[in-house]
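Structure, as structure tokens:
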Amino acid sequence: MFDLPVFPFFDLAPVFPLGAILFNFLFFTVTIPVEAYILAIRLKFDKRTSIFYSIGINLFSGALGWLIFFLIEPILPLRLKSDLINVVFFDQFNPSIRPLVVITAFIIFFATFLIKFVLLKLALLSLRDISKPPQPTEQASTRKTSRRTGKLKLQNTNLLTTILIANSLSYSFISLIMLLRTIRTNG
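The opening position of the sequence shown corresponds to residue 158 in this note's numbering, with each subsequent residue numbered one higher.
Laid out in structure tokens, this is it:
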């Protein structure tokens with residue numbers, strides 16, 4: 158995956174998944190700015206806030222993804238384990254598992270999307286400004302109540318759509334990088 162021709166004595170590939178770690182780092186360096194930009198545009202956050210939320214949701218979802226991977230890996234069939242080891246450690250992809258890879262990629266995309274939505278929702282709820290005075294508790298008419306309910310639904314829909322767009326764009330960039338890498342190694 159990543160050979161260091163300048164340092165031939167520095168070959169860690171058989172023991173250490175350096176390529177997978179560097180690719181994960183590359184993915185974070187791609188997804189964080191893309192998603193921060195979408196958060197800033199769609200949710201009207203300033204740059205610092207959107208970067209903060211983007212870093213938070215991406216690092217937490219990445220850590221959660223690796224945790225799920227390490228929980229699922231021991232229960233995989235032996236053939237899948239060996240294919241997984243070949244990909245992670247030796248960068249050798251078995252063409253017979255391509256349909257499984259595509260299905261897994263879709264599952265990962267939607268799982269990441271849901272995790273990021275929940276994480277952003279929790280972050281927005283937990284980091285809201287508590288110093289603001291509470292809303293007056295006078296009796297509201299049903300019209301005001303229905304408008305508030307509609308506004309909350311609109312905010313949730315806007316947040317959901319924003320996360321979907323951000324996640325789709327970042328996964329598109331990641332897919333493009335992987336495609337370019339595949340073309341480079343095969344061509």
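Just so it is clear, CB atoms sit at the ideal spot from N, CA and C, and this is done for glycine as well.
- With distances taken between CA atoms, Thr188 lies nearest to Phe266 out of Ile229, Asn251, Leu237 and Phe266.
- Rounded to whole angstroms, the Cβ separation of Ala177 and Val258 is 15 Å, and the two are not in contact under 8 Å.
- Excluding the 5 residues flanking it on each side, Leu196 has same chain C-beta neighbours closer than 7 Å at Phe202, Ser207, Tyr210, Ser211, Thr319 and Ala323, in chain order.
- Setting aside the 5 residues that flank it on each side, Phe330 is surrounded in the same chain by Val187, Thr188 and Val191, each with a C-beta closer than 8 Å to its C-beta; the list follows chain order.
- For Ile214, the CB contacts under 6 Å within the same chain, skipping 5 residues up- and downstream, are Lys273, Leu276 and Leu277 in chain order.
- Rounded to the nearest whole angstrom, the C-alpha separation of Arg341 and Met335 is 10 Å.
- Assignment of Asp240 by DSSP, reduced to helix, strand and coil, places it in the helix class.
- By the neighbour-count criterion, in which 16 or more other beta carbons inside 10 Å mark a residue as buried, Thr269 falls on the buried side.
- For Leu200 and Arg236, the gap between their C-alpha atoms comes out near 45 Å.
- In this model, Asn251 and Leu317 are separated by some 36 Å (Cα to Cα).
- Phe180 and Gly219 do not touch by the CB rule: their CB atoms are close to 12 Å apart, not below 8 Å.
- Rounded to the nearest angstrom, the Cβ distance from Ile229 to Asp240 is 14 Å, too far for a contact under 8 Å.
- Judged by DSSP in its simplified three-state form, Asn251 adopts coil rather than helix or strand.
- Nearest in C-alpha terms to Pro174, of all of Phe182, Ala280, Phe247 and Leu326, is Phe247.
- Excluding its 5 nearest sequence neighbours in each direction, Gln249 has C-beta neighbours in its own chain below 8 Å: Asn243, listed in chain order.
- For Glu192, the enclosing alpha helix (DSSP H) has its first and last residue at Leu175 to Leu200.
- Around Leu333, the same chain offers no residue with a beta carbon nearer than 6 Å, after the five sequence neighbours per side are excluded.
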